[in-house]
Structures are given as C-alpha cells and as structure tokens.
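Working notes, structure below.
2 protein chains.
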Amino acid sequence: MSKSKKVSRRKVLAGAAAALGSAVFSGESGAQETTAPVDPTKVQGRLASELGQRSPHEKVQRIPYRSTRTSSHTPLQDLDGIITPSDLHFERHHGGIPEIDPEGYSLLIHGMVDKPKIYTLAELKRFPARSRIRFLECSGNGGRSYRPPEDRQREMTPQHADGLTSTSEWTGVPLANLFEEVGVHAEATWFLAEAMDAAIMTRSIPVSKAWDDAMIAYGQNGEALRPEQGYPARLFLPGFEGSSNVKWIRRIELSDRPFGSREETAKYTDPLPDGTARSFSFVMDAKSLITFPAHPVQLSEKGWWTITGIAWTGRGKIVRVDVSTDGGESWHQAELEEPVLPKCHTRFRLPWNWDGKESVIMSRATDETGYTQPSLQELMDVRGPGTRYHYNHVRAWTVRADGSVLFGIDPPA
Amino acid sequence: MSKSKKVSRRKVLAGAAAALGSAVFSGESGAQETTAPVDPTKVQGRLASELGQRSPHEKVQRIPYRSTRTSSHTPLQDLDGIITPSDLHFERHHGGIPEIDPEGYSLLIHGMVDKPKIYTLAELKRFPARSRIRFLECSGNGGRSYRPPEDRQREMTPQHADGLTSTSEWTGVPLANLFEEVGVHAEATWFLAEAMDAAIMTRSIPVSKAWDDAMIAYGQNGEALRPEQGYPARLFLPGFEGSSNVKWIRRIELSDRPFGSREETAKYTDPLPDGTARSFSFVMDAKSLITFPAHPVQLSEKGWWTITGIAWTGRGKIVRVDVSTDGGESWHQAELEEPVLPKCHTRFRLPWNWDGKESVIMSRATDETGYTQPSLQELMDVRGPGTRYHYNHVRAWTVRADGSVLFGIDPPA
Numbered sequence: 001m002s003k004s005k006k007v008s009r010r011k012v013l014a015g016a017a018a019a020l021g022s023a024v025f026s027g028e029s030g031a032q033e034t035t036a037p038v039d040p041t042k043v044q045g046r047l048a049s050e051l052g053q054r055s056p057h058e059k060v061q062r063i064p065y066r067s068t069r070t071s072s073h074t075p076l077q078d079l080d081g082i083i084t085p086s087d088l089h090f091e092r093h094h095g096g097i098p099e100i101d102p103e104g105y106s107l108l109i110h111g112m113v114d115k116p117k118i119y120t121l122a123e124l125k126r127f128p129a130r131s132r133i134r135f136l137e138c139s140g141n142g143g144r145s146y147r148p149p150e151d152r153q154r155e156m157t158p159q160h161a162d163g164l165t166s167t168s169e170w171t172g173v174p175l176a177n178l179f180e181e182v183g184v185h186a187e188a189t190w191f192l193a194e195a196m197d198a199a200i201m202t203r204s205i206p207v208s209k210a211w212d213d214a215m216i217a218y219g220q221n222g223e224a225l226r227p228e229q230g231y232p233a234r235l236f237l238p239g240f241e242g243s244s245n246v247k248w249i250r251r252i253e254l255s256d257r258p259f260g261s262r263e264e265t266a267k268y269t270d271p272l273p274d275g276t277a278r279s280f281s282f283v284m285d286a287k288s289l290i291t292f293p294a295h296p297v298q299l300s301e302k303g304w305w306t307i308t309g310i311a312w313t314g315r316g317k318i319v320r321v322d323v324s325t326d327g328g329e330s331w332h333q334a335e336l337e338e339p340v341l342p343k344c345h346t347r348f349r350l351p352w353n354w355d356g357k358e359s360v361i362m363s364r365a366t367d368e369t370g371y372t373q374p375s376l377q378e379l380m381d382v383r384g385p386g387t388r389y390h391y392n393h394v395r396a397w398t399v400r401a402d403g404s405v406l407f408g409i410d411p412p413a
Numbered sequence: 414m415s416k417s418k419k420v421s422r423r424k425v426l427a428g429a430a431a432a433l434g435s436a437v438f439s440g441e442s443g444a445q446e447t448t449a450p451v452d453p454t455k456v457q458g459r460l461a462s463e464l465g466q467r468s469p470h471e472k473v474q475r476i477p478y479r480s481t482r483t484s485s486h487t488p489l490q491d492l493d494g495i496i497t498p499s500d501l502h503f504e505r506h507h508g509g510i511p512e513i514d515p516e517g518y519s520l521l522i523h524g525m526v527d528k529p530k531i532y533t534l535a536e537l538k539r540f541p542a543r544s545r546i547r548f549l550e551c552s553g554n555g556g557r558s559y560r561p562p563e564d565r566q567r568e569m570t571p572q573h574a575d576g577l578t579s580t581s582e583w584t585g586v587p588l589a590n591l592f593e594e595v596g597v598h599a600e601a602t603w604f605l606a607e608a609m610d611a612a613i614m615t616r617s618i619p620v621s622k623a624w625d626d627a628m629i630a631y632g633q634n635g636e637a638l639r640p641e642q643g644y645p646a647r648l649f650l651p652g653f654e655g656s657s658n659v660k661w662i663r664r665i666e667l668s669d670r671p672f673g674s675r676e677e678t679a680k681y682t683d684p685l686p687d688g689t690a691r692s693f694s695f696v697m698d699a700k701s702l703i704t705f706p707a708h709p710v711q712l713s714e715k716g717w718w719t720i721t722g723i724a725w726t727g728r729g730k731i732v733r734v735d736v737s738t739d740g741g742e743s744w745h746q747a748e749l750e751e752p753v754l755p756k757c758h759t760r761f762r763l764p765w766n767w768d769g770k771e772s773v774i775m776s777r778a779t780d781e782t783g784y785t786q787p788s789l790q791e792l793m794d795v796r797g798p799g800t801r802y803h804y805n806h807v808r809a810w811t812v813r814a815d816g817s818v819l820f821g822i823d824p825p826a
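Chains as they are written, first to last, in our numbering: chain Z, 1 to 413; chain W, 414 to 826.
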C-alpha cells in the first residue's frame, strides 16, 4: 500500500486533506494533479494502545489448508530469526478448536499410579515452572515434496512446502513432577494422553519421555497458550512429532503397554516398502529448509545475496548446515546463528555471489548425534514411494536465470 | 468468563441450543432451571484461520500512560519465560507513532565519511542479517519506585512499577557493515541518529557502539518491526537505554563530537546531588524484578510457592540472582533458566515455603562484570533524591498475612 494518494481538489476543500495528510496541487480540470507523500515529521502520530497492531503494509498470515481448514501453515518465507509469533504458529486439529473455560479445566492422572489425582489449572501453575524455546513440527510436514521431480508442484513457497513447523517459548510444569506426585508404578511404561476436543485425540507415549523433558504446557511466548495450541493446557514433548503433543489435555492414564488408539494405528505410522509400517516413530529427525531465496521471490540482479533458512532436529542440537548452490556437487558450511538451542529451530546464513545463471540451491543439516539429513533418493530407498510422515529429505530450490525461484529441481528431460 | 450460561426454554426451542452448546432442563415456570456446561468433545470446534486470536478468557494488555498516551507498559505479571509478544512490547514515543510507507523509506548516512550513501529498505535487507534476542528498557523505567517508603504507591503491579522493559528477537543489519561501506573516518567518534517522527527524535551515539553490536533492525520476533517499535527500521543498541535506540531512523551523521540534542541535554541526563548531571549514561545496569508473587496476586494459603521474575543487564550476562524472603536479612541463590543470553531478560525461579506470616521478598541481580544491583539507599546516596532515569535499585514486595501483596515495604512507624 502506498501513502501517496491522488485526491480531487473538491475532497481537499471538503476537509479530507488533514485526514489524508497529503499536499495536493490540482488544476481545475484535475488533469495536472500532482501529489506529495505525507511527511510524518509534520503530523502528530498515533498514540499508545493496549494491544499493538501490525503495519497495514505487512500482510503476513497463515494459509489454512484448502476447504477442510483442519490445519494452517506458518509463513516461513516472511520470518527471520527463530521465534514464531503465536498468531502465526501453524495449526493442526482433528475436531476443530474447542472452546474451554479455564475455570472448569482439570487434568486427571490415573491408571498404574499410587494416588490418582485431578489437577486444576491453578494447581498445575503452582508447581515450579519451566520455560523452553523449542520447535514443534507436524510429522506430515513436507509431504507435498516427497514425490518424483516430474510430479512435484513447482510454485510452492516455504509456507506451502514446509509450513507445518514453528518455534515458541513454551512454559509449563515438567510432567516428571506430576508423575512423582501421583507415584507412577515402576512397571508403567506407557501413558495415554487424551484431549477434550471433538476428536477426543488420544496418543500413547513412552513414560521415559516424561522422565526426560515432557511437560504440561500452559504458556506460549510468555503469555497463555493460544486456543489452537491447546488452551488452557497441552502435552509438550520436545522433539516429538506434533500429533503426539496432545492439546487440550484432560486425562493421562498409565499402563504397561500402548493403547492402540486410532491416531497411532490408522494414522501416524509410516508405511514401508515391504508392506509393513513403522509405528511410534516419535522423534523428528534432522531437517533444514532454505527460506530465502525461495518462491515467490525474484532476485533483481546477479551479485551478493544471503542464503538463509532454518534447521532443526528432535535429537538435540544442530551442529552444522551445509549449503550447495550447484545442485549438490559441492557444499559450503553455513554460519549458525546464536543461540543454537536443542530441539529448536536454528537460523543459518551463507553469503552467495550469484553469477546470474540457473542454479539449484540446497541445504543439508547435521545434528549432534552425527546424523545428516538424507537426500530424497536415500529416503525413498528406505521408506518407499508410498510412505507417509517424517519427510526430512534435502529440499532444493531452482533459481532461474531471470532471478525467479521454483521449488525443487527441473524434471528429467 | 464462564461458558456455563442460563437460557430460557423458549430460546432453546427457537434453536439457540446448538449455538450455545448448552444442555438445558427447564420447568415451565423457569424457576427450576439448571444448566450444564458445554462439553467440548460433543461440538465441532472452530476451524483454522489466517491469524490466531487469544482466548476470550485472557485479558492480557499493555497499560497506556494516563492521558498523554506517549508510553504503555508491558504486563510483566502476566508473562512467563523471557519473550515478550510484539503486541505487548512496551511503547515510548515523543511525537506519536508515524505512518511510514516502506516503499518510500530511506536511510541517509553522511558527515565524516568517504562516500555518503542513501539506503532503501531493500538495500538494507540485502546485507547479511543478524538476529539477537535482547532486552530493551526505557531509562525512566521504575521512577515510581524511587521514592522514600512513605511516599510510595503500594498498589502497583510489576506492570505499573517496571513495565517499560521487554525482550524481543531483533533482526537487522550490523551498523558496522554500513559504516565500513560508507568509509567512516578514523576521527569520527560520535554519530547522530535522527528519526522521521513528529518529534524528529535525535540522539548522539559513540561510534564505538557501531563497531561493537549496534544494528539497524527491521525485524522483531521473526516478522517486520511493529509500527510503535520503529517500522520499517530503527537503531538497535543492545544494552543501551531505550531512548538512544532511535526508531523510524532516517539519518545518521558522523562527527568528532556529540551534537547536544534536546533529548540528551534537557532530558535523559541524570541529575546528581551536587547540582551537576551525568550525561550519556547509555548502559542499563543490572536489575531484577519479582513478577510472582506480586500485586494484585493473593496467595491462597501458606506452603510452597515459586518466586519468579526477570533479571537483566546491559553489560553482558546475568550470572546470579539472589532472593530474600526476610527483607534482606538473608539471601538464597535462585535458579537461572536457560538460555542465559547477554543483554537479555533472564528468568529466575526459587521455591519458597511460605509460613503464612508477613514477609518482605526481594531480588538482587549480579552480572558478569561482578556488579551487583544496589539497594535503594545505596543508589540514593550516590545519585541523590532528585535524580532521574536509571533506577536499578533492589525492589521489594510485602506479602501480608492474608496472602495479598503490596509493592515496597511498610513505611517507618
């Protein structure tokens, strides 16, 4: 939007000038209208407010998934750094976003425990809290890119391609503290996490994750959880696939085996080439994505540009991101920006002197376990063409000679 | 707000039941109406959206300063962790918030340089970027607490008392890169930073800060700067008093001396007891604030509670926060939450077993230079009762026997 607007002399005389803040010099015919932009140093500005708003020039927003609107994607191409503003954090829900009154909220923990207990929100908040900056990614993220080059949609942005990942500072109570209080039995190896949404989303989680770093989160980026993130409380499992981080959590049941719920049998398992399926594949492996240059950007000229993007892993810290500008022939180590936090988006940057020729740019992350993000072919060899979820293969963008950028590589001639 | 609403039978028959989602059992007279809360598992929830909204149960907001509305305070008592959501970041402006079209924006750098240059926003963004999670604090923050106990307002929240500090992830170009390109002269020791707001805010800054960590920031918490934070670009000086971080920056002039602008002579200097004033007191010294328990919270019972708050320093990292629950007689080291970042809010926590008696709780921060936050008396001895700005003395809260909390300590009997 431009502040430099043309207005007729009549409107000026009618007093619109002050409102528009424009200086207008117009002939009677209007044919020689000229305008000058507002000079913000000559106009008293807007005063302080209870809640800030974005500049009207900024149109950043999520994209809900087509007609079902059961998910929405974070605009990764519009973001820098690692924090995702809460109103842009991706969504995924199976029965819509429930309206929950926090006054009536409670969490039941029962099953193989000494003392079953019901916690109100106030009781949860009275436990010593923990805040952690961590990514959350849907395990189906990037499915559109897991196709042979000839079948792939090229005009995808980072948001379209991989927008089901975001990073927030999450605050809550360590689940271990609650498990200690209720006295979880030594034989209890799994727990069911159950939501109070219309889908009654349920997942089985290993108890070991509770003793590690699971939490019942009630805070996001300082304030209360957003409704679409599980308000007033959710399970948060750093590094685990999104769907296991059960939102609007109302019940936890301890057991010595998994529960075999719909969302861990019919869905959220990974079909393999031999006809079997990999189940309980919780951890999100190392992955990275270039967010600039990326579709729909068009580079205006050859010369120096900075390739940047995000890398993350559910297994700890990212230790290295390599970037190729020649389709994987050679790789260059990118700079990782501080802070490099475990199980968190990490920003990488690499200056690139573009020669103006068509170039295929790619990024490849390595985590602290030594694991490196596989190529599409390597992943397909192991998982087969029909697999679902956990698409962490290397992504590519094609920068064409006119500076425009398309997702993926050109199909074989 | 409660979801459990009473409705008449007539309204139910008229079809309101589905909209309200309530189960209603009513006698003809309506005298025996009973209601059941909505069961969110029985109702399809709201679908995905372009921009998220807070739960209607959450009323978190800034408080604009009285009638002038030239500032607004961050609701520190409602926040946990370290990140401040951008729409809750404190504001301070001297001529209101200008409306700036980013297409017409430019930054001029001139004066004692080899090649004066004008940068468009696109040109600034083409430089390699840097993102840093850093606090920003107004140097006048906490002035209301710099009074003898008998004059002090007791019913202040953390927001009222010290809400002019916030933390964001800031993205921009290091000013050093721009200074290298224009060729700043070796004799240039100061630069003027000038805003394009109605106040034409100007401040003189030492060039050494540019070679250290100053940046021209255009990003905040991933997205574009908010209008009240300098959209589309501001000077960001990690650790320096807020007013020197000139927003809506349009001009930088290099010189071999400071410029003596209004906002560094008539204001933003610190009067001393001998009648002189301390000028160019840029760096914000170590400070801390307990955000829970704090007014208007009322502890419901004696027993275990977690004292928590934030600590920060413009001189690097916080290395230690001590908490007293007996008015400064004894101190206990609080836990510092990771990540502990330089020039950034750091969250501290300390479990406290409250015995139900009136208690004065205080926090005291130490930074990596070895400097420890002074007491009010120590600060007054050095700066005198009439000083302004840089009020980093130790704060106290009085927890009364009924669990209510007041700012400060009881006045002398």
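For each residue, glycine too, the CB sits at the ideal point set by N, CA and C.
In this structure, does DSSP put residue 228 of chain Z in helix, strand or coil? helix
Does the beta carbon of residue 263 of chain Z sit closer than 9 Å to a beta carbon anywhere in chain W? no
Quick one: grab the DSSP three-state call for residue 241 of chain Z. coil
Per DSSP, what are the beta-bridge partners of residue 196 of chain Z in this structure? Partner(s): none; residue 196 of chain Z has no beta bridge.
Do residue 168 of chain Z and residue 136 of chain Z have their beta-carbon atoms positioned less than 9 Å apart in this structure? yes
Distance, residue 555 of chain W Cα to residue 401 of chain Z Cα: 57 Å
Can you say whether residue 444 of chain W is buried or exposed, counting buried as having 16 or more other CB atoms within 10 angstroms of its CB? At residue 444 of chain W the pLDDT is 45, less than 50, meaning the model places this residue with poor confidence; the figure from the coordinates comes in the next sentence. Classification of residue 444 of chain W: exposed, given that the 10 Å Cβ count is below 16.
Would you report the Cα separation of residue 635 of chain W and residue 515 of chain W, rounded to the nearest angstrom? 17 Å
Just reading off the alpha helix (DSSP H) that residue 141 of chain Z is part of, what are its end residues? Run containing residue 141 of chain Z: none; DSSP gives neither H nor E here.
At which residues does the beta strand (DSSP E) containing residue 324 of chain Z begin and terminate? 318 to 324
Taking 9 Å as the CB-CB limit, is residue 501 of chain W close to chain Z? yes
With 16 as the cutoff for other CB atoms within 10 Å, does residue 234 of chain Z come out buried or exposed? buried
For a cutoff of 9 Å on Cβ pairs, would you count residue 71 of chain Z as touching chain W? yes
Start and end of the alpha helix (DSSP H) containing residue 848 of chain W? An answer regarding residue 848 of chain W cannot be provided, because it is not within the stretch 414 to 826 covered by chain W.
Residue burial classification, residue 381 of chain Z (beta-carbon count within 10 angstroms, cutoff 16): exposed
Give me the chain W residues within the contact set of residue 306 of chain Z, using Cβ-Cβ distance strictly less than 7 Å, ordered along the chain. 541, 542
In terms of DSSP beta bridges, what is residue 362 of chain Z paired with? Z:324, Z:396
Measuring alpha carbon to alpha carbon, tell me which of Z:397, Z:119, Z:357 ends up nearest residue 324 of chain Z. Z:397
How about residue 731 of chain W and residue 753 of chain W: do their beta carbons lie closer than 9 Å? yes
Report the rounded CA-to-CA distance for residue 538 of chain W versus residue 585 of chain W, giving the unit in angstroms. 7 Å
Please check if any C-beta of chain Z sits within less than 9 Å of the C-beta of residue 435 of chain W. Because the pLDDT of residue 435 of chain W is 37, which lies under 50, any placement of that residue in the model is unreliable, and the number read from its coordinates should be weighed accordingly. Output row for residue 435 of chain W: interface = no.
Could you tell me the boundaries of the beta strand (DSSP E) in which residue 251 of chain Z lies? 249 to 255
Any beta carbon from chain W within less than 9 Å of residue 141 of chain Z's own beta carbon? no
Give the interface partners of residue 93 of chain Z over in chain W, defined as CB-CB distance under 7 Å, in chain order. 458
Cutting at 8 Å between CB atoms, please list the residues of its own chain near residue 161 of chain Z, excluding the five before and the five after it. 142, 144, 145, 289, 395, 407
Beta-carbon contacts of residue 423 of chain W that lie in its chain and below 7 Å, excluding the five residues immediately before and after: Caution is warranted here: a pLDDT of 37 is assigned to residue 423 of chain W, below 50, making its placement in the model unreliable, and the coordinate value is therefore given only provisionally. So no residue of the chain qualifies.
So what does residue 795 of chain W bridge to, in DSSP terms? Residue 795 of chain W is not bridged to any residue.
Taking residue 633 of chain W as part of the beta strand (DSSP E), name the residues at either end of that continuous run. 628 to 633
At least three beta-carbon pairs within less than 8 Å, the segment 560 to 568 of chain W to the segment 470 to 490 of chain W: no
Just curious, the beta strand (DSSP E) that residue 351 of chain Z is in, first and last residue? 346 to 354
From W:513, W:714, W:594, pick the residue whose C-alpha is nearest to that of residue 38 of chain Z; which is it? W:513
Under the three-state DSSP convention, the category residue 470 of chain W falls into: coil
When you check each C-beta in the segment 328 to 354 of chain Z against every C-beta of chain W, which residues fall closer than 7 Å? 337, 339, 341, 347, 349, 351
Limits of the unbroken beta strand (DSSP E) element including residue 616 of chain W: 615 to 619
Touch test, the segment 605 to 618 of chain W against the segment 488 to 504 of chain W, Cβ-Cβ under 8 Å, three pairs minimum: no
May I ask you to list, following chain order, the residues of the segment 269 to 289 of chain Z that have a beta carbon less than 9 Å from some beta carbon of chain W? none
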